[in-house]
Each structure stands twice: as structure tokens, then as C-alpha cells.
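K.L.:
The numbering of the sequence shown is the working numbering, which starts it at 374 and goes up by one.
Encoded as C-alpha cells, here's the structure I'll be asking about.
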Amino acid sequence: MGSLFRGEPMCLAQLFLQSGSAYECLSEVGERGLAEFRDLNPNVSVFQRKFVNEVKKCEEMERILGYLVQEIKKADIPLPEGDVAPPAPLLKHILEIQEQLQKLETELREVTKNKEKLRKNLLELTEYTCMLEVTQRFVRRTAEYESHLHANYEEFPSVENEPLVDYNCMHRLGAKLGFISGLVHIAKVEAFEKMLWRVCKGYTILTYAELDECLEDPDTGETTKWFVFLVSYWGEQIGQKVKKICDCYHCHVYPYPNNMEERKAVVEGLNVRIQDLHTVLHKTEDYLRQVLCKASESIYTWVIQVKKMKAIYHVLNLCSFDVTNKCLIAEVWCPVADLQNLRHALEEGSRKSGATISSFMNTIPTTQPPPTLIRTNKFTSGFQNIVDAYGVGNYGEVNPALYTIITFPFLFAVMFGDFGHGLLMFIFALLTILYENHPRLQRSQDEIMKMLFEGRYVILLMGLFSVYTGLIYNDCFSKSLNIFGSGWNVSAMFEQKVWRPEDLKSNKFLTLDPNVTGVYNGAYPFGIDPIWNLASNRLSFLNSFKMKMSVIFGVTHMTFGVVLGVFNHLHFKKKYNIYLVFLPELLFMMCIFGYLVFMIFFKWLAYSAEDSTSAPSILIQFINMFLFPGGETEVFYTGQVALQRFLLSIAFLSVPVMLFGKPLYLYWLHSGGRGIRMYRVSIERQLHISSV
374 MGSLFRGEPM CLAQLFLQSG SAYECLSEVG ERGLAEFRDL NPNVSVFQRK
424 FVNEVKKCEE MERILGYLVQ EIKKADIPLP EGDVAPPAPL LKHILEIQEQ
474 LQKLETELRE VTKNKEKLRK NLLELTEYTC MLEVTQRFVR RTAEYESHLH
524 ANYEEFPSVE NEPLVDYNCM HRLGAKLGFI SGLVHIAKVE AFEKMLWRVC
574 KGYTILTYAE LDECLEDPDT GETTKWFVFL VSYWGEQIGQ KVKKICDCYH
624 CHVYPYPNNM EERKAVVEGL NVRIQDLHTV LHKTEDYLRQ VLCKASESIY
674 TWVIQVKKMK AIYHVLNLCS FDVTNKCLIA EVWCPVADLQ NLRHALEEGS
724 RKSGATISSF MNTIPTTQPP PTLIRTNKFT SGFQNIVDAY GVGNYGEVNP
774 ALYTIITFPF LFAVMFGDFG HGLLMFIFAL LTILYENHPR LQRSQDEIMK
824 MLFEGRYVIL LMGLFSVYTG LIYNDCFSKS LNIFGSGWNV SAMFEQKVWR
874 PEDLKSNKFL TLDPNVTGVY NGAYPFGIDP IWNLASNRLS FLNSFKMKMS
924 VIFGVTHMTF GVVLGVFNHL HFKKKYNIYL VFLPELLFMM CIFGYLVFMI
974 FFKWLAYSAE DSTSAPSILI QFINMFLFPG GETEVFYTGQ VALQRFLLSI
1024 AFLSVPVMLF GKPLYLYWLH SGGRGIRMYR VSIERQLHIS SV
């Protein structure tokens, strides 16, 4: 409890580590989490420190591990995780791990490169096959086009009645007739067609059709729609222009067969090659999966070990060497209670390294403020994180997390009190607590789920207190519960002949009079009477009740926080803070907000149902306290105005003390007080000399 109240007592220790056993000793200290190391080389650049090369090797291994993890996830192979984190590897095993990772990376990159090359070749062959199948429909006998061709090329009369792409026809046309075929992306078809027409000025014939199946884009890896095109052109210059346009639009151009026999032979050869590539690709993928599965078995251990290795070398860079360069010196902040464990860790590290001289430590005095260490468990860690989000206290300060365990969930419940919603929160938190050892919850990477899991005990108490305040508010999903029966009796108003049946027809709202016998039978046993759910002034009553209760709890909470500061002032022996900070703050709060709480309780106690209509408004009274209205005003008690002016005077006088009291005192202490002390010292010296 003392550790949670103020934190662990800390001390500064100096470690003397032998060069041969420094790595193992720091590994043991790190595994036990015993110390915080200080940087003894603050003026040395990070790149000029002793173990910077070892850190670079660890970063290189981290890069390889990142690549392996990426490939394993890409292959949808599960990554097994151990229940216990492995320790840092010994020095003699580091080189072995490095060689294994480098060998595995080289093999994996080579296999992956071959796989990508095979996939690219397979994609090209598939595109070529699809292109030939589609362009085969383009090649047909068309009398209309042949007559047009005959009219333009009268010097070739044999073109008539010949197929468009017949080999003999092309031979007689010579070099003037050529074909370019390939695939173009669906988004570039229109622009491609317009560019051909404008650049070639009509000396080309473009025929295209959409592929029935989607093919992979080699640049992005996504499956998209492609168009097969066949460009017929005349002349070498036009052909060069067509090729440049195809390159500009990133078309996949493939050679076009000269005749049907050649096309058939090409298609048969493509089918055989595609089948062979499928077989080789499947075997390559199987081998790649075997390599990744083997790597996934050790990847968790390697990742943890490399991280610990890198952390150890970072700590070694914080140490300094002695004059002989045979011993490393480190300074650490360590809890006083863990000094013996720290000695045992150094002895164990020396034993594992086989050093002849053991490393040792000793404590050294210091005037520097130690770091704050507050030990937590799975219950208190959530509340401590809430406090640390606003700032970590100095060493020795009172830790408010101990009181936040109650105040935070309770004040939440005061604001959001609902029995139904609180019960749902409680059940959710209870389930996460019952299954807190489930690996899926402990290792969840979802940020929101991780936050909810770490704060499960906070949510549990928030839900529990919400159930409690929800019963007080008698609010369950915005509905009231009639558990004990209402304390109000409507029929008594008719029995006493205060109401008549005609009144129900002529009045929209009727008021229950508690002064009538039998109407009010006593307070509801717990919480607010459910009959208020039927009242027209329900919101006015509930808002007034919740507002006053919130003011009472809020002022109490703030006052408690101010009082906690006294323990810090006494602990650090700064009594002037009590007179210049604590008392003015307390007087200011009590004279204004404390008096407001007093008026709330006074009105509750001094006025009953019989004279409630004549009770003054607390809001008006509190406003008049600052405005000093003239004339006669309603008051709660005799002498109220004089008391309020006295309290305001004390509050206003406390403001300059809070603002200027401590700064002026510190200024006097560091300037004027120093002069007075020097004057006293000089007088004492003069008296001493005169006496001699």
C-alpha cells in the first residue's frame, strides 16, 4: 500500500561489468526488469558509440524478419506465438541466428523471384493465346472490304477474291501491308483509337473486341478487363508510328502469324508451354510454402530475441569504459527493495558467460531526483494509466490513483446513472475478466479492443456504480421501476373529497397535496419514487436533484484533492506551501463553493413540504451574494447578508495570496534572504576576529 501511495523508494547504483560478461549481465537485469539506466555518454553522437555496429546488425536482422513476416502473412500462413517470451540469445548464438536469417532471406528471395518470373511468363502466354483466339474472328472473307481494297490498289488485281490475311495475298502486297496485334487496357481503348486515326490519317484499320475473362495487370497486380486489337496498316512509316503509339499506351504487343497454319501451330505450342508453366509454378509455390512454414515455426522466437539483443546493445552504448577498457561502468536507478535481486542478476550473468571475475555493484549518493516508480497489477494498472495520462508525479508525491479507484467510476455513475446500461457494462467487463487469459484477447491488435481489455476493471466498477446510481435515480433505460410500491396514494385525494370526478375532466393537470391525510405515506425505500415518472414537473425535479447532488460531490472531490496536497508539502518539508498555497485555496473554495453546499443542506433541513412554496431559491441567493442588491430580499436565516459579505471578503483576500504569495516568498528566499544570510555571516566573522 505504501508503494501505491507514494511510489517505490529508489536509489542510484553503480554497476561494474566485465567486458566479457556485460552482455549476459544486462540480459539478466533486463529479463527481471530491475533498473533504469542513465546515459553516461551524453556528449557522444549515437553513430560514434562503441556498440553501434552491433545495433546495425540487429536492425538488419529486424529488416529480414519484417520481410519474412510480410511474406508469411501474404501466404496466409498462421504465425504461432509462444506462451512465454524467449530470453535474449547468448553471444555465441548470435552469429548462428544471423547466418540462418541471411540464408533464409536469400533462398526466399530467389524462390520468390523465380515464382514472379514464372507468373509473368504464364500471364504473357495466356494473353497471347487469348489474343489469337479473338483475332481469329477478325480474319474472315468480306467482299465489301475486298472491293474497297481493289479500288485503291488496282495494280494488284489478284487481291480480289483472296482472303484478307492470306499468305499469298500478303506476299503479292509486299512490304506495304502489315499487322500489329496485342492487348490494351479497357480505360485506354477510346484514346488509343483516336490517336491512331489522327496520327496515321486513316491509313490503318483498327479492329478490337473485349476479352471474356479478366486478366491480371502486371504493373498493379489487379485483375482488370482488356481489349484485343488488330491494326492493319500500309507502309513501313505507318507501321513505325503504330508501334510508337502502342508503346505510349502501354499495350502488350505480340507477333501476329502470317497464315492459318502458322497460327494453329503457335496456338498448340502455347497450350503446351502454358501447361508446363502451370506444373512448374505449382511446384514452386509448394516449395515456397514449405520454406515459409518452416520459417513461421521460429519467427516468433527470432523477433523477440532480436528485439532484446538490440535493447541490450542500446544499453551498452549508455555505459562508459574505465581507464583500462576492460570494464564497463553503468549507473542505474533501482528500487531499494530490488537491490538484492540486482546483485543476483549480475552474479547469474557472470556465471552464464563463464567469466572468472564476477560483475558487482554498489550504491552511490546523489542529489538528483529519482524517477517515479509505482508498481501496479492488472486491477490497478487501468486507474494508474488514467492518472498518468494527465502527468506523472514527481518522486515522493502522493499518488492519486489509489483514490481514483473509487472516485473515477463513482463520478462517472453520478453523471450517467442508469440501471440497464450499467448492467450491460458490468456484464461486458465481467466476461472480459473471466476470459482474460484467452490468447485472442491478450494479443489483439485492434486498438479499441485492446483499450477496452486493458481497462476491463475500470469498466467493471463503472458499470457497478452505474447500477447503484441508476437505482437511486430509479432509471432503467429511461424508464422507472416500481419495486417497493409508491409512497403516494391518489385515491386519498378523492376519499378526502379534495378531488371530484368532474375535476379529472376539466383539468389537464392535478397536483397531489402531501398535507392531505393518506396522500403521502412516507419516502420510497430506495431511490426516487416511481410516481415522478407521471408528473409534469418530472424533469424539473430530477434536474434539480441531480444538479445539487453533483455540486455536493464535485465540491467534496475538489476539496479532497486540495487536502491531499498537504501531505506533499509536509513530505517535502515545504511548510510555506501550507500557508501560501493550501490555506488560500481552501478558504477560497469553502467561502464560495462550500457555502453553496451549506445552503443546499440548509434548505433541505429547514423547509418541509408544508412551507416549501415559501422557500427562497438557492440560485437567486447565490447570485445576490456577488451582486449585493439593495433593498429587502428573501433570506434563509437572520444575518445571512452579513455572513455572505464576510465570506466574500475572505475569498477575495485569498486571491492575491494565491497569485503572488509563493512567487514573492521564493524571490525573497533566493535574493533578499541570501543577502540577509551573507550579512549575518559577515557580522559573525567580524565578531570572531575581534574576539581573537
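Each residue gets a CB set at the ideal place from its N, CA and C atoms; glycine is no exception.
1) Give me the Cβ distance between Y846 and G790, rounded to the nearest whole Å; I'm assuming they're in contact under 8 Å.
2) Just how far apart, CA to CA, sit P1002 and L1020?
3) Does the beta-carbon distance from M1066 to S754 come in below 8 Å?
4) Cβ atoms of P989 and F974: under 8 Å apart, would you say?
5) Does the segment 416 to 428 come close enough to the segment 724 to 736 to have 3 or more Cβ pairs within less than 8 Å?
6) Excluding the five sequence neighbours on either side, which residues of its own chain have a C-beta within less than 8 Å of the C-beta of M972, listed in chain order?
7) Between the Cα of L833 and those of H794, C384, I437, F850, spot the shortest distance and give me the residue it belongs to.
8) Do the CB positions of C621 and I553 come within less than 8 Å of each other?
9) Going along the chain, which residues of its own chain have a beta-carbon closer than 8 Å to the beta-carbon of E670, five neighbours each way excluded?
10) What residue ranges within the segment 952 to 1014 form continuous alpha helix (DSSP H) runs of no fewer than 4 residues, ordered along the chain?
11) Nearest CA to the CA of N487: which residue from Y660, S817, L1037?
12) Helix, strand or coil for K751? Go by DSSP, reduced to three states.
13) Using the rule of at least 16 other Cβ atoms within 10 Å of the residue's Cβ for burial, across every protein chain shown, is M383 buried or exposed?
14) Please give the ranges of any beta strand (DSSP E) in the segment 375 to 449, keeping only runs that are unbroken, at least 3 residues long and fully inside the region.
15) Within 10 Å of its beta-carbon, does E381 have 16 or more other beta-carbons around it, so buried, or fewer, so exposed?
16) Within this structure, are the beta carbons of A408 and V705 separated by less than 8 Å?
17) Am I right that S726 and E397 are in contact with their C-beta atoms under 8 Å? What's the rounded C-beta distance?
18) Excluding the 5 residues preceding and the 5 following S817 in the sequence, name in chain order all residues of the same chain whose CB lies nearer than 6 Å to its CB.
19) Report the rounded CA-to-CA distance for G403 versus A703, giving the unit in angstroms.
20) Are the beta-carbon atoms belonging to L481 and E444 less than 8 Å from one another?
21) Out of W607, W872, E489, which one is the CA nearest neighbour of V653?
22) Any idea what DSSP makes of T485, helix, strand or coil?
23) Using CA atoms only, rank isn't needed, just tell me which of N767, F785, I759 is closest to L775.
24) Which stretch, first to last residue, makes up the beta strand (DSSP E) that contains S605?
25) Are K616 and V572 closer than 8 Å when you measure CB to CB?
26) Does DSSP put H625 in a helix, in a strand, or in coil?
27) Exposed or buried, what is Y627 when buried is set at 16 or more other beta-carbons lying within 10 Å of its beta-carbon?
28) Using CA coordinates, which residue listed in V601, L943, Y576 is at the minimum distance from E563?
29) Compute the distance between the beta-carbons of P812 and I677, then report whether it is under 8 Å.
P.N.:
Here's the rundown:
1) About 5 Å separates the CB atoms of Y846 and G790; that is less than 8 Å, so the two are in contact.
2) Each residue's alpha carbon lies about 17 Å from the other.
3) The structure shown does not extend to residue 1066, since the chain spans only 374 to 1065, so no value can be given for it.
4) For F974 and P989, no; Cβs fall outside 8 Å.
5) With the cut-off at 8 Å, the segment 416 to 428 and the segment 724 to 736 do not touch.
6) I991, Q994, F995, F1009.
7) Of the listed residues, the one whose Cα sits closest to L833 is H794.
8) No; because the gap between Cβ atoms is not below 8 Å, this pair is not in contact.
9) The answer, listed in chain order, is P453.
10) Here the runs fully enclosed are 956 to 962, 968 to 979, 991 to 1000.
11) Per the C-alpha coordinates, the member of Y660, S817, L1037 positioned closest to N487 is Y660.
12) Note: K751 maps to coil in three-state DSSP.
13) M383 comes out buried.
14) Within the segment 375 to 449, complete beta strand (DSSP E) segments of at least 3 residues are found at 383 to 391, given in chain order.
15) Looking at its Cβ environment, which holds 16 or more other Cβ atoms inside 10 Å, E381 is buried.
16) Yes, the pair counts as a contact, with Cβ atoms nearer than the cut-off.
17) Sure, about 4 Å apart at Cβ, within 8 Å.
18) Only K823 meet the Cβ criterion.
19) G403 and A703 have their C-alpha atoms some 14 Å from each other.
20) The Cβ atoms of L481 and E444 lie closer than 8 Å to each other.
21) Closest option to V653, Cα to Cα, is E489.
22) Per DSSP, reduced to three states, the secondary structure at T485 is helical.
23) Looking at the Cα atoms, I759 is the closest of the given residues.
24) Residues 599 to 607.
25) Against a cut-off of 8 Å, the Cβ pair of V572 and K616 comes out as no contact.
26) Of the three classes helix, strand and coil, the one that applies to H625 here is strand, per DSSP.
27) Classification for Y627: buried.
28) Among V601, L943, Y576, the Cα nearest to that of E563 belongs to V601.
29) Contact flag unset, no.
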